[in-house]
Amino acid sequence: MSKKLSIRDIGNQLGVSVTTVSFILNGKAKEKRISESLTRKVLAFVEEVGFKPNSIAQGLRTGKSKIICLMVEDISNVFFAQVARLIEEEAHNKGYRILYCSTENKVEKTRDLIRMFRDRLIDGYIITPPEGVEEDIKLLIDDNIPVILADRFLPALKSSYVVIDNANSTHHAVSHLTAQGFRHVAFVTLDSEQTQMVDRLRGYEQAMEAQGLPVSVLKLNFDDSATQNITRIASYLKAHRETDAVLFGTNYIGIWGLQALKTLNLHIPSDIGVVSFDDHDLFKLHNPPITAIAQPVEEISRQIIRLMLNSLDGSDIGSNIQEIVLPAKLIIRESSELHRNPVSL
16 MSKKLSIRDI
26 GNQLGVSVTT
36 VSFILNGKAK
46 EKRISESLTR
56 KVLAFVEEVG
66 FKPNSIAQGL
76 RTGKSKIICL
86 MVEDISNVFF
96 AQVARLIEEE
106 AHNKGYRILY
116 CSTENKVEKT
126 RDLIRMFRDR
136 LIDGYIITPP
146 EGVEEDIKLL
156 IDDNIPVILA
166 DRFLPALKSS
176 YVVIDNANST
186 HHAVSHLTAQ
196 GFRHVAFVTL
206 DSEQTQMVDR
216 LRGYEQAMEA
226 QGLPVSVLKL
236 NFDDSATQNI
246 TRIASYLKAH
256 RETDAVLFGT
266 NYIGIWGLQA
276 LKTLNLHIPS
286 DIGVVSFDDH
296 DLFKLHNPPI
306 TAIAQPVEEI
316 SRQIIRLMLN
326 SLDGSDIGSN
336 IQEIVLPAKL
346 IIRESSELHR
356 NPVSL
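All residue numbers for the sequence shown refer to the working numbering, where the first residue is 16 and numbers rise by one.
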């Protein structure tokens, strides 16, 4: 059995220093001003002989694993799954791999995951954090490990993040509904102090109060089952029969809400108008199609991985904090078009 080639063997065969070969294989040829011809020569030889560097040994030697941890609320959620796919694609192009995990919005699980991965040479973390993990994330940042927060941020923590303008998004959605003639718009959301949920509620309340309309809010428990929350939504609407439109705070709440409306035999939009945060394929297929606030998934993903790669290339993680807030888009479909005399705003 032939001996497995090492970087030193490649250097000896090509008459190139081990350091130069290492720079080329680690994607630093341009940074180290290594000529394109030499870079092509080394890469061609590596491909020809089928050389694969020992990632464990390489990590121990360099202190870098080329692995980024993506820690989200629920990786099976359509929004997070789309973001993960796009981040992975760009990371792969830059020589990084993505390690996925779900926190289920649980503080202890998030802490356990952070502590576990700290011992595994993770180069950087992309996290959608629950409240209560500020100190754990701060320890990563203090150790000069890149951390990018996504979807929401932690006000007490100095860290880069990428979010959308949640308050303006729900404000716009309410304004659309009232312009269509809906006057009693309820908001169904989570009982949560996470920044994205707080801002969505704030935008709804400000839009209703600005027009002198009554605020009507139902807060659900994230840890309750889908069946429990469907029942709660149905009970709330039965108790508030004046409600003529409803804005759902997430796409999974929107799906629960549609099931609740079905049990009540309410027709959309003649009995009740519907808008949901976070677009979903089901909303496009529903009859009638559901108006949704669509997050710019591609731009969110691009900004997250850009910040992460820039941080990985930098030396002082805490000195270049970037807070990126992106606009969302209201996609108007039949569920929110009442076809009665619209109200001029």
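Ideal Cβ positions, reconstructed from N, Cα and C, are used throughout, including at glycine.
Asked, Found
"VAL177 beta carbon less than 8 Å from that of ILE315", "yes"
"Alpha carbon of GLY329 to alpha carbon of GLY139, nearest angstrom", "12 Å"
"Stretch pair the region 254 to 264 + the region 183 to 201: three plus CB contacts closer than 8 Å", "yes"
"One or two residues paired with LEU114 in a DSSP bridge", "CYS84"
"Cβ shell of ALA8 (< 8 Å), same chain only, five flanking positions each side left out", "Outside the shown range of the chain (16 to 360) lies residue 8, about which nothing can therefore be said."
"Straight-line gap, GLN310 to LYS344 (C-alpha atoms, nearest Å)", "7 Å"
"Length of the line joining the Cα atoms of GLY227 and THR185", "17 Å"
"C-alpha distance - ARG135 paired with VAL189, whole-angstrom precision", "46 Å"
"Same chain, Cβ closer than 7 Å to LYS234, five either side skipped, listed in chain order", "THR204, LEU205 and ASP206"
"Beta-carbon spacing of MET223, VAL213 below 8 Å", "no"
"Same chain, Cβ closer than 8 Å to ILE71, neighbours up to 5 away in sequence not counted", "Its pLDDT being 46, under 50, ILE71 is placed unreliably by the model, and nothing is read from it."
"Collapsed DSSP secondary structure at THR204 in the structure displayed", "strand"
"Candidates LEU20, VAL57 and SER21: closest to THR35 by CA position", "VAL57"
"Range covered by the alpha helix (DSSP H) that runs through SER326", "312 to 328"
"Exposure label - GLY288; buried when at least 16 CB within 10 Å", "buried"
"Same chain, Cβ closer than 6 Å to SER175, five either side skipped, listed in chain order", "ILE163, LEU322, ILE336 and GLN337"
"Cutoff 6 Å; reference ILE268; Cβ partners in own chain excluding five residues on either side", "VAL203"
"Short Cβ contact (8 Å threshold) for SER50 with VAL87", "no"
"Residues near ILE137 in its chain [Cβ-Cβ closer than 8 Å; skip 5 each side]", "SER80, ILE82, ILE83, CYS84, LEU114 and ILE160"
"Under 8 Å between C-beta atoms of SER350 and THR306", "yes"
"Cβ-based burial, ASP294 [other Cβ within 10 Å; buried from 16]", "buried"
"First and last residue of the uninterrupted beta strand (DSSP E) at THR306", "306 to 309"
"Cα-Cα separation between ILE142 and ASP238, rounded to whole angstroms", "20 Å"
"Collapsed DSSP secondary structure at ALA44 in the structure displayed", "coil"
"Burial state of ASP166 (16 or more Cβ within 10 Å)", "buried"
"CA-to-CA distance, ARG100 to THR54, given in whole angstroms", "30 Å"
"Chain-order list of residues whose beta-carbon lies under 7 Å from that of VAL64 (same chain, five-residue window excluded)", "LEU20"
"Burial state of PRO342, where buried means 16 or more other Cβ atoms lie within 10 Å", "exposed"
"In DSSP terms, what TYR176 is bridged to", "LEU164 and GLU338"
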